[in-house]
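**Q** In our numbering, the protein residues as written are 813 to 1008.
Every residue gets a Cβ at the ideal spot worked out from N, C-alpha and C, and that includes glycine.
Okay, structure coming up:
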């Protein structure tokens, strides 16, 4: 079997995730045209949708793009990225981070958060913690992790061909390999965590 085209999968993932907010922008503009004014409710719809689309693009740019090891992100930047990305969904994300971190570490942490988000189809809470150079990204809530994806991530199964909606599971081991680290996964009935 040939290796999957990760670039194409990433493009599909980005398109899939921004199509709804962009559709809402179109609906908001249509409502404005029909009303011949700019009522507050329609403008709020447009503003929220634009913010949601921008947040997704910014997170995907870091998580799926290249990460120069010579550059870093501040705690404020990471809080802003994560806060905006999860603002409109059923999942909350909390970040415990004070110091700047190299972009490759931030990339791995965001990929881990996307893996956690996949395990919370009904929503929940993701906590990203960075202390003493180590990351822990944990999820609590109604967990439903896909056993195949998580077995690959834990190194207990051979890599599969990812789909557009699971490409982050293929990218996280690569990002961790580039850092010289591996994922340590722990599971309890109400908590799932990746440490690296």
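Mind checking who residue 953 pairs with in its DSSP beta bridge?
**A** Residue 953 is bridged to 936.
**Q** Can you tell me which of the three DSSP states residue 827 falls into?
**A** Note: residue 827 maps to helix in three-state DSSP.
**Q** Rounded to a whole number of angstroms, what is the C-alpha to C-alpha distance between residue 911 and residue 978?
**A** Residue 911 and residue 978: Cα-Cα distance of roughly 30 Å.
**Q** Could you give the first and the last residue of the continuous beta strand (DSSP E) run that contains residue 906?
**A** Here the beta strand (DSSP E) through residue 906 covers 903 to 908.
**Q** For residue 813, which three-state DSSP category applies?
**A** Confidence in residue 813 is poor, its pLDDT being 44 and thus under 50, which makes the residue's placement too unreliable to answer from.
**Q** Could you compute how far the alpha carbon of residue 956 sits from the alpha carbon of residue 847?
**A** Near 43 Å, if we compare the C-alpha coordinates of residue 847 and residue 956.
**Q** DSSP state of residue 993, grouped into three classes?
**A** Residue state, collapsed to three classes: coil.
**Q** Could you pull the start and end residues of the alpha helix (DSSP H) that residue 857 belongs to?
**A** It spans 852 to 876 - the alpha helix (DSSP H) in which residue 857 sits, taken as one unbroken run.
**Q** Where does the unbroken alpha helix (DSSP H) through residue 883 begin, and where does it stop?
**A** Counting along the chain, residue 883 falls outside any alpha helix (DSSP H), and DSSP gives it neither H nor E.
**Q** Quick one: what does DSSP say residue 975 is sitting in, helix, strand or coil?
**A** Note: residue 975 maps to coil in three-state DSSP.
**Q** Near residue 939, what residues of its chain come up, given a Cβ to Cβ distance below 6 Å and the 5 sequence neighbours on each side ignored?
**A** Only 906, 950 meet the Cβ criterion.
**Q** Within the continuous beta strand (DSSP E) that includes residue 1005, where are the two ends?
**A** Unbroken beta strand (DSSP E) run through residue 1005: 1003 to 1007.
**Q** Is the separation between the beta-carbon of residue 876 and that of residue 980 shorter than 9 Å?
**A** In contact: residue 876 and residue 980 (Cβ atoms closer than 9 Å).
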